[in-house]
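**Q** Chains C and Y are the protein sequences, given in the same order. Take the first sequence: its position 117, counted from the start at 1, is 123 in my numbering, and no numbers get skipped. Take the second sequence: its position 260, counted from the start at 1, is 1113 in my numbering, and no numbers get skipped.
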Amino acid sequence: MITAIERRLKSAALEAQEYVYLTASAIYAAGTRPRYKHDIWEQLDGIGFGSLTVVLLAGLFTGAALALQSGQTLDQFGARPVVGRLVSASMIKELGPVLTALMLTGRIGSGIAAELGSMAVTDQINALRALGTDPVRKLVVPRVLAGFLMAPVLTVVSDFVGILGGWVVARFTFQVNSGLYWSSVTKGLYLQDVYMGLIKPFVFGFLIVTIACHVGLRTTGGTAGVGRATTISVVAGSVAVIAADFFVGQVLFMLLY
Amino acid sequence: MATQTNQLTAKQVLNETGAPVIVFDHVQLAFDDKVVLKDISFTLIKGHTKIIIGASGSGKSTALKIIVGLLRADSGVVWVNGQRVDQLSEQDMMPVRADLGMIFQEGALFDSLTVRENVGYKLYEETQLPLEEVDARVEEVLGFVGLREHIDKMPSELSGGQRRRVAIARAMAFKPSIMLYDEATTGLDPITATTVDDEMLKLRDLENVSSIIVTHQLRDAFYVAEHMAQRDRDGNVRIVRAGAAKEREAEFIMLKDGLIIFEGDADALRKSQNPYIMEFLS
């Protein structure tokens, strides 16, 4: 019994150690040569532009649903006109960053884990190393840079369409005047909220991609192993995003407010 | 200054006939409680072939991965081209790998790249060579393995044998002096396997490449040990039966439970009275 627990603890410690090592290697490699610029552009396009549809749809419907639910509640207090304030604050501070990150975990986290996992189980990673290419520079750095840079961009897009979705519901379901809605949107926002909404996605993007790369590169066990890696990447990435949302939020509250 | 002189001397020594290009000295490796290599020592001589045979799980592929730095030995010393490599970091290993070509089981081609991009991968990505030169080299090596017409295909469009030959072309594109073949013919039918064996012979005998062949396919092991490639007057390549001297340049190593239980040429292997070897050969 003790041996089994000991083995699990050792395995968890090893995973954590390997994750930290990969992350440190990726940060070092990102700042030094050689760089595979073509791969970086390809990933920026794939992760950024490629995720646009899913982020747009998720943001739009989240904003609309938020306006619908909160509008009904606010209506009971005669506060229908401030629905824009509630939608914008919720979207920019919390829902935009977190939901975008969760969408990215499902879309790019699983894709990266499956791609690198397939390469690992078919010896393609070893072939890269044997050919003199560092897999961290070639595969990890472009993905980490793309995730780190594109997550905030996609979050801003998601925030905007979320607020737009909220306006559609406010205008056509609750008959709130458009001018009133948009002025309420800006009135409810403080600069600190915007900072918080912009800083969080950098952390989320970094976490999603580094976890997916770590899980993908350590895949073993053939096609079943690739399936396992994909699941682990999505589950671990989602939990990491939600946990990081709390901790980063705490830190930012202390620093900004 | 003295160091420079010593390095030059070492390079000169490596250019001599009979120079040791790979030395494995009392190498040991275990994964947790499972000992894979107990105490392995052998030397690969320049231009010669070492054929490592043994049952699955006997540590054959592990030995190759240690040479190329994909795994690190627990103890012992490994030399490649006069450089001690068993303690080198991943970064320091890169220049050593520039002279090592490795063919993996199943080929390990990059499935999202075309044959051309696979074969020229190292030259396109890791060198500053002009594109025209790289393209010319890619076509040259694909011609060498007889697959020039497949240059724009994806690996998934090729047969198993063709994929292995593309893997050989990829490994030889940057002109390494040592080739490591990890089960290059496993899973292929005898006729296709012979085409892959012939590529190994051509590289060894026409390009003077030293090689280590890991296999449990005895037919292929003996074929490579007992044949040689030569060019006739018209420049055509022919595979012929090797002479006794040439046969001795191909040395067998048999691994069992992480230890070498036989080392010698094809003739000595056939005459071995070791019960395990006799059963393995039967």
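A virtual CB, placed ideally from N, CA and C, is assigned to each residue, including glycine.
Is it buried or exposed, C/Thr161, if we count other Cβ atoms within 10 angstroms and call 16 or more buried?
**A** Buried, because 16 or more other Cβ atoms sit within 10 Å of the Cβ of C/Thr161.
**Q** Short of 6 Å in beta carbon distance, which residues of its chain neighbour Y/Met1053, apart from the five on each side in sequence? Order them along the chain.
**A** Closer than 6 Å at the Cβ level, and outside the excluded window around Y/Met1053, lie Val1077.
**Q** Taking only beta-carbon atoms, is C/Ala30 less than 7 Å away from chain Y?
**A** Chain Y, which has no Cβ nearer than 7 Å to the Cβ of C/Ala30, makes this no.
**Q** I need the straight-line Cα distance from C/Glu121 to C/Gly171, nearest angstrom please.
**A** When rounded, the distance between both Cα atoms is 34 Å.
**Q** Is the beta carbon of C/Ser164 closer than 7 Å to that of C/Gly102?
**A** Against a cut-off of 7 Å, the Cβ pair of C/Ser164 and C/Gly102 comes out as a contact.
**Q** Show which residues of chain C have a CB atom less than 8 Å away from the CB atom of Y/Gln958.
**A** Per Cβ cutoff of 8 Å: Asp129.
**Q** Of the choices Y/Ile1130, Y/Leu1011, Y/Asp1120 and Y/Gly1111, whose alpha-carbon is the least far from that of Y/Val888?
**A** The option with the nearest alpha carbon to Y/Val888 is Y/Gly1111.
**Q** Report buried or exposed for C/Trp47, applying the criterion of at least 16 other Cβ atoms within 10 angstroms of its Cβ.
**A** Burial call: exposed.
**Q** Could you tell me the boundaries of the alpha helix (DSSP H) in which C/Met202 lies?
**A** Where C/Met202 is concerned, the enclosing alpha helix (DSSP H) stretches over Leu197 to Leu223.
**Q** If you measure from the beta carbon of C/Ala218 to each beta carbon in chain Y, is any gap under 7 Å?
**A** Chain Y, which has no Cβ nearer than 7 Å to the Cβ of C/Ala218, makes this no.
**Q** Would Y/Glu970 pass as an interface residue toward chain C - the criterion being a Cβ-Cβ separation below 7 Å?
**A** No, Y/Glu970 lies away from the interface with chain C (no Cβ there is under 7 Å from its Cβ).
**Q** At which residues does the beta strand (DSSP E) containing Y/Val930 begin and terminate?
**A** Taken as a continuous stretch (DSSP letters only), the beta strand (DSSP E) holding Y/Val930 covers Ser928 to Val933.
**Q** Any chance you could list the beta strand (DSSP E) runs of at least 3 consecutive residues sitting entirely within the stretch 986-1060 of chain Y, in chain order?
**A** Runs found: 1031-1035.
**Q** Assuming the contact rule is C-beta atoms closer than 8 Å, Y/Val1019 and Y/Gly960 should be a hit. Round their C-beta distance to whole Å, please.
**A** Contact holds; Cβ gap of about 7 Å.
**Q** I need the boundaries of the beta strand (DSSP E) containing Y/Glu835, first residue and last residue.
**A** Outside the displayed span of chain Y (854 to 1135) sits residue 835 of chain Y, for which this structure offers no information.
**Q** Compute the beta-carbon to beta-carbon distance between C/Lys16 and C/Arg91, rounded to the nearest angstrom, for a pair I have assumed lies under 8 Å.
**A** C/Lys16 to C/Arg91, Cβ: 51 Å. No contact.
**Q** Report yes if the CB atom of C/Ala230 is closer than 7 Å to the CB atom of C/Val142, and no otherwise.
**A** No; because the gap between Cβ atoms is not below 7 Å, this pair is not in contact.
**Q** With burial defined as no fewer than 16 other Cβ atoms inside 10 Å of the residue's Cβ, what is the status of C/Ile238: buried or exposed?
**A** The residue is buried, with at least 16 neighbouring Cβ atoms inside 10 Å.
**Q** Here's a check: name, in chain order, each residue in its chain whose Cβ is nearer than 7 Å to the Cβ of C/Phe67, leaving out the five neighbours to either side.
**A** So the list reads Gly171, once near-sequence residues are dropped.
**Q** How would you label Y/Pro983, buried or exposed, when you count the other beta carbons within 10 angstroms and need 16 or more for buried?
**A** Exposed: under 16 other Cβ atoms inside 10 Å.
**Q** Using the Cα positions of C/Leu63 and C/Phe212, report the straight-line distance between them to the nearest angstrom.
**A** Going from the Cα of C/Leu63 to the Cα of C/Phe212 covers about 23 Å.
**Q** Just list the alpha helix (DSSP H) runs in the stretch 886-925 of chain Y, keeping only unbroken ones of 4 residues or longer that don't cross its boundaries, in chain order.
**A** Listed in chain order, the complete alpha helix (DSSP H) runs (minimum 4 residues) inside the stretch 886-925 of chain Y are 913-920.
**Q** Within a Cβ cutoff of 7 Å, which residues of the same chain sit near C/Tyr42, ignoring the five residues on either side of it in sequence?
**A** For C/Tyr42, where only same-chain residues beyond five positions count, the Cβ hits under 7 Å are Arg143, Lys144 and Pro148.
**Q** Restricting to Cα atoms, I'd like to know which of Y/Leu1033, Y/Leu924, Y/Ala1046 and Y/Asp1035 is closest to Y/Ser1140.
**A** Outside the displayed span of chain Y (854 to 1135) sits residue 1140 of chain Y, for which this structure offers no information.
**Q** Let's see if you can read the secondary structure: which residues bound the alpha helix (DSSP H) around Y/Pro948?
**A** Note, Y/Pro948: alpha helix (DSSP H), Glu943 to Arg950.
**Q** The beta strand (DSSP E) with C/Phe166 in it runs from where to where?
**A** Element bounds for C/Phe166: not the beta strand (DSSP E) but the alpha helix (DSSP H), Val147 to Phe178.
**Q** Can you name, in chain order, every residue of its own chain whose Cβ lies under 7 Å from the Cβ of Y/Gln936, other than the five neighbours on each side?
**A** For Y/Gln936, where only same-chain residues beyond five positions count, the Cβ hits under 7 Å are Val949.
**Q** Residues in the stretch 120-144 of chain C with C-beta within 7 Å of chain Y's C-beta atoms, listed in sequence order?
**A** Going along the stretch 120-144 of chain C in chain order, one finds Thr128, Asp129, Gln130, Asn132, Ala133, Arg135, Ala136, Leu137, Gly138, Thr139 and Asp140 with a Cβ nearer than 7 Å to chain Y.
**Q** In angstroms, rounded to a whole number, what distance separates the CA positions of Y/Met854 and Y/Asn868?
**A** Low per-residue confidence applies at Y/Met854: pLDDT is 44, beneath 50, and the placement is therefore not dependable, though the value from the model is reported in the following sentence. Near 22 Å, if we compare the C-alpha coordinates of Y/Asn868 and Y/Met854.
**Q** Compute the distance between the beta-carbons of C/Met202 and C/Lys99, then report whether it is under 7 Å.
**A** Closer than 7 Å, so yes.
**Q** List, in chain order, every chain C residue whose beta-carbon is nearer than 9 Å to that of Y/Ala951.
**A** Residues of chain C passing the Cβ test: Gly138.
**Q** List the DSSP bridge partners of Y/Phe957.
**A** Its beta-bridge partners are Y/Gly960.
**Q** With H, G and I counted as helix, E and B as strand and the rest as coil, what does DSSP make of Y/Asp878?
**A** If DSSP states are grouped into helix, strand and coil, Y/Asp878 belongs with the strands.
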